[in-house]
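According to the numbering used here, the stretch in the sequence shown is residues 1320 to 1510, in order. Have a look at the structure below before the remarks.
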Amino acid sequence: MSKLATKPATAADWKDIETVFAGCGDASRCWCAWWRKPRAEFRAGYGAANKRFFKNLVETSPHPLGVLAYRDGEPAGWCAVAPRADHSRFERSNLLAPVDGVPVWSITCFVIHKAHRGAGLMRPLIAAAVKLTKRHRAPAVEGYPIDPIRGLGSGEVFTGLPGPFADQGFVEVARRSPIRPIMQLDLTRKT
């Protein structure tokens, strides 16, 4: 039985973030820049420039940009979560356009180090992301999982799967594509 721990990622955790991303091919070139840069700028920076961009964000952001999971003390997973307004990609997306005027936080991606895939890290990462958003008094948090209609490779599920979100209390609030629900957790309701 593995020991699992999660925590908000700060600038002091850069080496752990780097370890997780380095253990995942696509993530080691993306560095969560997909959501924050225009397409041409993202492609031009694919790799080292996106890494520098993300490191600067981690070091200067007024809030953590995500949460880390540790398995048996080793950096194993990452979940990006930040205010939706921090992600310029949403401004240009019809598919993921806002469903209302609520200033939600967005869970945009998961990175699981290759050595820790299949260890069930998505649910605890979502739970840690929700905890972080509550601490920052977000009214709601959204996820944009992919609803598989066929078998998917690990590179295709970087936004998560609906089941782990539903298990944390998220409900589908919109679906503008057969495979891409918008799932939201209202943090203002008393439970």
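The beta carbon of each residue, even a glycine, is placed where N, CA and C say it ideally should be. Just so it is clear, the structure is predicted and the values come from calculations on it, not from any experiment.
Would you report the Cα separation of residue i and residue j, rounded to the nearest angstrom?
i	j	result
residue 1366	residue 1350	8 Å
residue 1488	residue 1448	13 Å
residue 1462	residue 1323	22 Å
residue 1368	residue 1419	34 Å
residue 1297	residue 1370	The shown model of the chain, from 1320 to 1510, leaves out residue 1297, and the question about it has no answer.
residue 1337	residue 1394	9 Å
residue 1363	residue 1499	27 Å
residue 1333	residue 1468	36 Å
Using the DSSP secondary-structure output, state which residues sit across from residue i in a beta bridge.
i	result
residue 1441	DSSP lists no partner for residue 1441.
residue 1326	1387
residue 1503	1461 and 1490
residue 1402	1424
Please name the residue, chosen from the options, that lies closest to residue i on a Cα-to-Cα basis.
i	options	result
residue 1404	1391, 1426 and 1387	1426
residue 1428	1442, 1422, 1420 and 1421	1442
residue 1340	1416, 1355, 1433 and 1475	1433
residue 1413	1475, 1494, 1335 and 1431	1494
residue 1456	1422, 1492, 1375 and 1431	1422
residue 1459	1416, 1355 and 1402	1402
residue 1496	1358, 1454, 1450 and 1416	1416
Can you list, in chain order, the residues of its chain with a C-beta nearer than 8 Å to that of residue i? Leave out the 5 residues immediately preceding and following it.
i	result
residue 1321	1390, 1391 and 1438
residue 1444	1325, 1386, 1388, 1396, 1397, 1398 and 1429
For residue i, which residues from the same chain have a beta carbon less than 7 Å from its beta carbon, with the 5 sequence-adjacent residues on both sides left out?
i	result
residue 1353	1361 and 1408
residue 1484	1445, 1462, 1464 and 1502
residue 1342	1432, 1433 and 1434
Inter-stretch contact at 8 Å, needing at least 3 Cβ pairs: the segment 1326 to 1343 / the segment 1371 to 1386: Pairwise C-beta distances place the segment 1326 to 1343 in contact with the segment 1371 to 1386, as three or more of them are shorter than 8 Å.
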